[in-house]
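Listed in order, the protein sequences are those of chains A and V. Residue numbers for the first sequence follow my numbering, beginning at 1 and rising by one. Residue numbers for the second sequence follow my numbering, beginning at 1001 and rising by one. Beneath this line is the structure, given in structure tokens, with notes to follow.
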Amino acid sequence: AAGVIQSPRHLIKEKRETATLKCYPIPRHDTVYWYQQGPGQDPQFLISFYEKMQSDKGSIPDRFSAQQFSDYHSELNMSSLELGDSALYFCASSLDSSTDTQYFGPGTRLTVL
Amino acid sequence: GQQVMQIPQYQHVQEGEDFTTYCNSSTTLSNIQWYKQRPGGHPVFLIQLVKSGEVKKQKRLTFQFGEAKKNSSLHITATQTTDVGTYFCADNTGTASKLTFGTGTRLQVTL
């Protein structure tokens, strides 16, 4: 079965640079969620989209922005990167109309040097 | 804000022993989901509990939702090395809404 795809899987950036993370949800899933997981921490909700509109917002820094496109894929844009942004970034998708189960992608490991 | 705590933070058992992780919320939960995250992996959905006092079983795993819907537990009978990972409970506040994860319990199983 198709799963959530995230790219890139690994990313290394310098401080103050920008990064773009991409997420391709499971086909027919119309809801996308972004989570940030620091080392040894639980995943923290950043933002979600439903039918290309932002549906909920969590602890996402103002330096970050995200959107969902017409084909339902989503991008998380991160600017002025800081050392503390180093983490695993997970995207999850759900078929909102029938279930709230969120299916997670493999994650993007971002390292800021 | 809402806090979802899990205990213990870490448990090391020998294969064949039982394991239980407890999840406690500072607020009443809409429903509770459980996820397993293998080392280096991503969270994988295990189950969702909705009703007060609900008990569900998946092979060696037993999940329970408290009567007051403020706590939940996951019990693994006769652990195996394949059970290694971190188990998270998570509150799902409804359709298209965020998951608030518990602090997680890391399980280590040795032969």
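Think of the CB as a built atom: it goes at the ideal place given N, C-alpha and C, for glycine as much as any other residue.
- request: Kindly indicate which three-state DSSP category Leu-1049 (chain V) falls into: helix, strand or coil?
  value: Strand.
message: As a quick exercise: from A:Ser-59, A:Glu-82 and A:Asp-100, pick the residue whose alpha carbon is nearest that of Trp-34 (chain A).
response: It is A:Ser-59 whose Cα lies nearest to the Cα of Trp-34 (chain A).
query: Buried or exposed: where does Pro-8 (chain A) fall if 16 or more other Cβ atoms within 10 Å of its Cβ makes it buried?
result: exposed
task: Give the residues of chain A in contact with Gly-1102 (chain V), contact being defined as C-beta atoms less than 7 angstroms apart.
output: Asp-42
- prompt: Does DSSP classify Ser-97 (chain A) as helix, strand or coil?
  reply: For Ser-97 (chain A), the pLDDT reaches just 45, beneath the cut-off of 50, and the residue's location in the model is therefore unreliable, although a value from the coordinates is still provided. Correct three-state label for Ser-97 (chain A): coil.
field: Reference Phe-69 (chain A), options A:Ser-48, A:Ser-80, A:Lys-15 and A:Val-112, closest by Cα
entry: Ranking the options by Cα distance to Phe-69 (chain A), first place goes to A:Ser-48.
query: Under three-state DSSP, which class holds Gly-84 (chain A)?
result: When DSSP states are grouped into helix, strand and coil, Gly-84 (chain A) belongs to the helix group.
query: What does DSSP give as the partner residues of Phe-1063 (chain V) in its beta bridges?
result: V:Lys-1056 and V:Leu-1074
- prompt: Taking only beta-carbon atoms, is Thr-111 (chain A) less than 7 angstroms away from chain V?
  reply: no
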